[in-house]
Amino acid sequence: LEQEIAGHIIRLSAMIEELAAVSERPQQIACIALLLCYVKRRCNLFFRERETKAVPAAELTAYIDELAEMAVYADVNILVTSEIKAPLAVRQATLFYDFFYTVIDWAAQQGCPYMLAHLGPEKDLITLRLLPSYDARSFKPAPEPEAAIRAAGGLWAIKDLDGAVGISLAFPKGGECGD
Numbered sequence: 017l018e019q020e021i022a023g024h025i026i027r028l029s030a031m032i033e034e035l036a037a038v039s040e041r042p043q044q045i046a047c048i049a050l051l052l053c054y055v056k057r058r059c060n061l062f063f064r065e066r067e068t069k070a071v072p073a074a075e076l077t078a079y080i081d082e083l084a085e086m087a088v089y090a091d092v093n094i095l096v097t098s099e100i101k102a103p104l105a106v107r108q109a110t111l112f113y114d115f116f117y118t119v120i121d122w123a124a125q126q127g128c129p130y131m132l133a134h135l136g137p138e139k140d141l142i143t144l145r146l147l148p149s150y151d152a153r154s155f156k157p158a159p160e161p162e163a164a165i166r167a168a169g170g171l172w173a174i175k176d177l178d179g180a181v182g183i184s185l186a187f188p189k190g191g192e193c194g195d
């Protein structure tokens, strides 16, 4: 567990230590709360991976909704929709959650006030599509999550959508849970 969240804990400590010197204190407090929420649920998913191969779609959607609710305090308003009904491989759910947090964190740092998020099936894939109101071409996940996504058979992309730029993450349906 420590290996998977160590970087986030170090960042959390640094954010708390820097709080007194930050000019945008409410924004920083919101980002701290968002990171705490992420770490809490990420720990849940870590233990879930050791218990079972699948996680109910409703559980992942609830975790994503919770992060979206916390993002409001960082001035990022997100409308989340989900069409996923079947359980997902826990590893895929974890990586969707990690990716969603990474995009929210990026949006908060960029001052992106709005985002649409949709989790749904597309052909033989399960896809998380994110459409921020800010140009997403500058988004880039850290190397570790990017490697984990590739190792799990996933693919993330930034796509120009005629006037808007979207971010997506897709995994093959079924994944490790064999659905």
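When the letters of the sequence shown are read in order and numbered with the working numbering, they come out as residues 17 to 195.
All residues carry an ideal CB built from backbone N, CA and C; glycine is no exception.
Because the structure is a prediction, the values reported are computed rather than measured.
Environment of residue i [buried if 16+ CB atoms lie within 10 Å]
i, result
"Gly194", "Reliability of the predicted coordinates at Gly194 is poor, the pLDDT of 38 falling under 50, and no value is obtained from them."
"Ala37", "exposed"
"Ala186", "buried"
"Phe63", "exposed"
"Pro137", "exposed"
"Ile26", "exposed"
"Arg166", "exposed"
Contacting residues, own chain, Cβ-Cβ under 7 Å from residue i (five flanking each side not counted)
i, result
"Cys47", "Met31, Ala90 and Ala124"
"Thr110", "Leu61 and Glu65"
"Ala49", "Met86 and Tyr89"
"Leu147", "Met131, Leu132, Ala180 and Gly182"
CB of residue i within 7 Å of CB of residue j, strictly
i, j, result
"Ile80", "Met131", "no"
"Glu75", "Val106", "no"
"Val181", "Arg153", "yes"
"Leu28", "Leu51", "yes"
"Lys189", "Asp140", "yes"
"Pro161", "Asp121", "no"
Counterpart residues of residue i in DSSP-defined beta bridges
i, result
"Met283", "This structure gives no information on residue 283, because the portion of the chain shown stretches from 17 to 195."
"Glu138", "Leu141"
"Ile174", "Ile183"
"Leu104", "Val71"
"Pro188", "Leu141"
Close beta carbons around residue i, own chain, < 8 Å, minus the five adjacent residues each side
i, result
"Thr77", "Val96, Ser98, Ile100 and Leu135"
"Gly170", "Gln108, Leu111, Leu185, Ala186 and Phe187"
"Arg41", "Leu35"
"Gln44", "Met31, Glu34, Leu35 and Val38"
Residues near residue i in its chain [Cβ-Cβ closer than 6 Å; skip 5 each side]
i, result
"Tyr54", "Tyr117"
"Thr143", "Ser184 and Ala186"
"Pro72", "Pro103"
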